[in-house]
Amino acid sequence: MKSITASIIISVIFIFGIALTGAEKNEGKGPFKPRPMKLEIPKGWPQPEKNVFDNNPLTVEGFMLGKRLFYDGNLSKDGQVSCASCHQQFAAFATFDHDLSHGVANTLTTRNAPGLFNLAWKKEMHWDGGVNHLEVQPLNPMTAPNEMGETLDNIVAKVKSDTAYRRFFVAAFGSQKVNMQRILKALAQFTGSIVSANSKYDKVMRGEAVFTAYELKGYELFKQKCAGCHREPLFTDHSFRNNGMPLNRFKDIGRQAITLNPADSLKFLVPSLRNAQLTFPYMHDGSIYSIPQVIEHYRSKMNTADPNLDPLLRGGIHLSLLEKNQLTYFIYTLTDSSLTKDKKYAPDNGIIMQQTFDNH
Amino acid sequence: MRKLKQGERKFQVMMRRTNLYLIFILLLSPAWGWAQNEGTLRLVFSLEANGKPIQLRDSSYHNGFGENYTINKLKFYAGQWILGDQLIDEYLLVNAALEENKIDLSLQPGKYNQFSFLLGVDSIRNVSGAQDGPLDPMNDMFWTWNTGYIMFKLEGNSPQSTADLNRIEWHIGGFKGPLNVTRRIRFDAPFEIVKGAITEIQLKVDLDKIWKGKNEFKIANDPMCMVMGSLANKIADNFQGLFSIRNVSVPK
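Top line first, the protein sequences correspond to chains A and B.
Position 93 (the first sequence) corresponds to 93 in my numbering; numbering is contiguous.
Position 29 (the second sequence) corresponds to 1029 in my numbering; numbering is contiguous.
In structure tokens form, the structure reads like this:
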């Protein structure tokens, strides 16, 4: 009898031991249960790109880890440049009032930093579409010598040695293990969850607000003259087009560098017009400062001699000066101040933001 | 409670141990049985040039055009193994800096006549975000600015190179349509897989054939190949010729 009792006890201990081994990766703090998070798809919007979160299920904990990494200047070579240095929330996650952005050691980028929002609907990243998945996008700024200038090995080593990260990795992935895949997946959870769909335009579409007469006229002009590329509701059709910008001082040929096809010369990704008021200056190199100047480019300043100029732009966009103003006012209705003020996307307490703004 | 005799005590301890072993065996038996149904094919890659094992940096080699060179890096991906009707979707990053380059594949027992692998990384994995293990971008085989893997990397130096510091840099990549440099490397070789045993196939990788194979490349003409396109594709056409079977062991 006794030996049976003993064997039961031993079995229980043994099975418990196995359970413990299985739970080892949870650091013994109970079962690993991150809270699922749902990407809200605004009414009337298309489905997001299918493979964005397919192998990276969104969770509150993954989002929080991603946010921490996004605001961490320590990922850069000199500890000063975080993702957020060039992607500032108050500028819809573009660099405010900068044609080009600043990298480590007084370097400058060669392209204008785009705003980061509605990325889950984006198939290709970069002005030339060279990056085919949101998860691998951060590898570029991390390693570019004129951005964060760091090696991937050093980034992993620094995150590993920062003990404050441990509970974040455990919460998001079930263990303390730090590797590039986890860092990239967490960052994608944060950046891919940033949604901008609450501008005055959106409120008008939902019947919660009305356009002024000026804005309404601008909206009608927009639908006639601009919507061919800046398609609603994302205000981009995610295509690459030659919009009559000249070859710049960096000899940036755009899409052609990716496809090697000469027909793609000077084609760049059509940017969303959402939050355009905050993401100035404009174009791939930030060479046009204001929205009226951009409209003027399409009215009269395009390089019409370029045989690759987009067919929709041949002959220019005809607008009177009054119409130009009306269109500008419509574009202002695409500004989403709830995005720029949403605490969900802001650094949490305990994240020390690098004081880099005075360098700018 | 009566005091236990020495013999009874020993018996109880023994019983407990036996119980423990029994539970252990019971718990592991399904895994044991499963493992026992398969055999192992071990593929070992030996990297050579001029008939000698490749030593990075220190040794000098020559190609079929009499050009001398040293090798600083030689790495390539091998994966998506096809053996009979089985596809094994695992990757190995062969690296001349390592002592040994081998992969163990679990196979159904039986006689096989051919096998093949993909030199490079399949297109799905080039478009599916962050990968881990051999495909971790930290392995320095990943293009960030134009997403995709470098399938084959050769770096070195040669007095015949006209590039900066006489360097040779071949980063062979590209996975889309006509730019695809991945190649399926095929072997005809009878081998047998036996339940619970290891069959080892030694593959020779002869770097001499990268210069002079289906296509010919002189270091003086093509010291650099850093982008996708026709040069990368012509170099990739020499991949199959690099490989030959040196030895097939009996299952042990």
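No residue lacks a Cβ here, since even glycine has one placed at the ideal position from N, Cα and C.
The structure presented is a predicted model; accordingly, all values stated were derived computationally and were not measured.
(message) Distance check for A/GLY218 and A/LEU190, CA to CA, integer angstroms please.
(response) Reading off the sequence shown, one finds Phe at residue 190 of chain A, where the question assumed Leu. Taking the straight line from one Cα to the other gives about 34 Å.
(message) Which residues in chain B have a C-beta closer than 9 Å to the C-beta of A/HIS87? List them in chain order.
(response) Per Cβ cutoff of 9 Å: no residues; A/HIS87 is ~17 Å from chain B at best.
(message) Using the Cβ count rule (16 or more neighbours within 10 Å means buried), how would you classify A/PHE279?
(response) Note on identity: in this sequence residue 279 of chain A is Thr, with Phe being the wrong assignment. Buried is the call here.
(message) Let's test the definition: count the other Cβ atoms within 10 Å of the Cβ of B/LEU1242 and tell me whether it reaches 16, buried, or not, exposed.
(response) buried
(request) Would you kindly check if the distance between the Cβ of A/LEU39 and the Cβ of A/ALA113 is under 8 Å? (result) no
(message) 8 Å is my cut-off, CB to CB: does B/PRO1134 come that close to chain A?
(response) False, the Cβ-Cβ gap to chain A never drops below 8 Å.
(message) Excluding the 5 residues flanking A/VAL178 on each side, which residues of the same chain have their C-beta closer than 8 Å to its C-beta?
(response) VAL156, VAL159, LYS160, TYR165 and PHE169
(message) Is B/ASP1237 close to chain A? Criterion is C-beta to C-beta, closer than 8 Å.
(response) no
(request) Within 10 angstroms of the Cβ of B/ASP1164, are there 16 or more other Cβ atoms? Answer buried if so, exposed if not. (result) exposed
(request) Give, in chain order, every residue of the region 168 to 186 of chain A whose Cβ lies closer than 9 Å to some Cβ of chain B. (result) ASN179, MET180, GLN181, ARG182, ILE183, LEU184 and LYS185
(request) From the DSSP output, in three-state form, read off B/GLY1033 for me. (result) Only weak support exists for where B/GLY1033 lies, its pLDDT of 48 falling under 50; the coordinates are left without a value.
(message) By the three-class DSSP mapping on this structure, what secondary structure does A/GLU215 have?
(response) helix
(request) Output the distance between the C-alpha atoms of B/THR1109 and B/VAL1205, rounded to the nearest integer angstrom. (result) Reading off the sequence, residue 1109 of chain B comes out as Pro, not Thr. C-alpha separation (whole angstroms): 27 Å.
(request) Specify the secondary structure class of A/MET297 as computed by DSSP and reduced to three states. (result) The sequence given here places His at residue 297 of chain A; Met does not occur at that position. Here A/HIS297 sits in helix by DSSP.
(message) Distance check for A/HIS230 and A/ALA213, CA to CA, integer angstroms please.
(response) 22 Å
(message) Is there a Cβ of chain B sitting closer than 8 Å to that of A/ASP378, yes or no?
(response) No answer is possible for residue 378 of chain A: the residues shown for chain A start at 1 and end at 360.
(message) Assuming B/PRO1251 and B/ILE1193 are in contact, meaning their beta carbons sit under 8 Å apart, how far apart are those beta carbons, in whole angstroms?
(response) 7 Å
(request) Closer than 8 Å by C-beta to B/ILE1245: which residues in its own chain qualify, once you throw out the five before and the five after it? Chain order, please. (result) PHE1187, ALA1189, ILE1201, GLN1202, LEU1203 and LYS1204
(message) On the DSSP letters alone, give me the boundaries of the beta strand (DSSP E) that B/MET1051 sits inside.
(response) Sequence inspection shows Gly at residue 1051 of chain B; the Met mentioned does not correspond to that position. Premise fails: B/GLY1051 is in no beta strand (DSSP E) and is neither H nor E.
(request) Starting from B/SER1046, follow its DSSP beta bridges and name the residues at the other end. (result) B/LYS1204
(request) Determine the DSSP secondary structure at A/ASP395, reduced to helix, strand or coil. (result) Limits of chain A in this structure are 1 at one end and 360 at the other, which puts residue 395 of chain A out of reach.
(request) For B/GLY1133, collect the residues of the same chain with a Cβ closer than 6 Å to its Cβ; drop the 5 residues on either side in sequence, then sort them by chain order. (result) none
(request) List the DSSP bridge partners of B/ILE1193. (result) Assignment of beta-bridge partners to B/ILE1193 by DSSP yields B/GLY1110.
(message) For the region 331 to 347 of chain A against the region 85 to 94 of chain A, do three or more pairs of beta-carbon atoms, one drawn from each stretch, fall closer than 8 Å, so that the two count as touching?
(response) yes
(message) By the three-class DSSP mapping on this structure, what secondary structure does B/VAL997 have?
(response) Because chain B here runs from 1001 to 1252, residue 997 of chain B falls outside it and cannot be looked at.
(message) Once the 5 residues before and after B/LYS1218 are set aside, which same chain residues still bring their CB inside 6 Å of it?
(response) PHE1065
(request) Look at the alpha carbon of A/TYR282 and the alpha carbon of A/ASP78, and state the distance between them as a whole number of angstroms. (result) Distance between the alpha carbons of A/TYR282 and A/ASP78 is about 29 Å.
(request) Step through the CB atoms of chain B and report whether any lies within less than 8 Å of the CB of A/VAL104. (result) No, A/VAL104 does not count as interfacial toward chain B.
(request) Have a look at B/VAL1181 and A/GLU135 and give me their C-alpha separation to the nearest angstrom. (result) 24 Å
(request) Note down, one range per segment and in chain order, each alpha helix (DSSP H) of at least 4 residues found wholly within the region 204 to 261 of chain A. (result) 213 to 225 and 256 to 259
(request) Closer than 7 Å by beta-carbon distance: list the chain B residues that pair up with A/ASN132, in chain order. (result) VAL1127 and THR1147
(request) Taking A/ASP153 as the query, report the chain B residues whose CB atoms sit under 7 Å from its CB, ordered along the chain. (result) Those are MET1138, listed as they occur along chain B.
(message) Quick check on the DSSP output: the beta strand (DSSP E) that includes B/GLU1169 runs from which residue to which?
(response) 1167 to 1173
(message) My output table needs one value for B/TRP1143: the three-state DSSP class, helix, strand or coil.
(response) strand
(message) Less than 8 Å between the C-beta atoms of B/MET1224 and B/GLU1169, yes or no?
(response) yes
(message) Just verifying my parser: in three-state terms, what is the DSSP assignment at A/LYS142?
(response) It should be pointed out that residue 142 of chain A corresponds to Met in this sequence rather than to Lys. In this structure, A/MET142 counts as helix in the three-state DSSP scheme.
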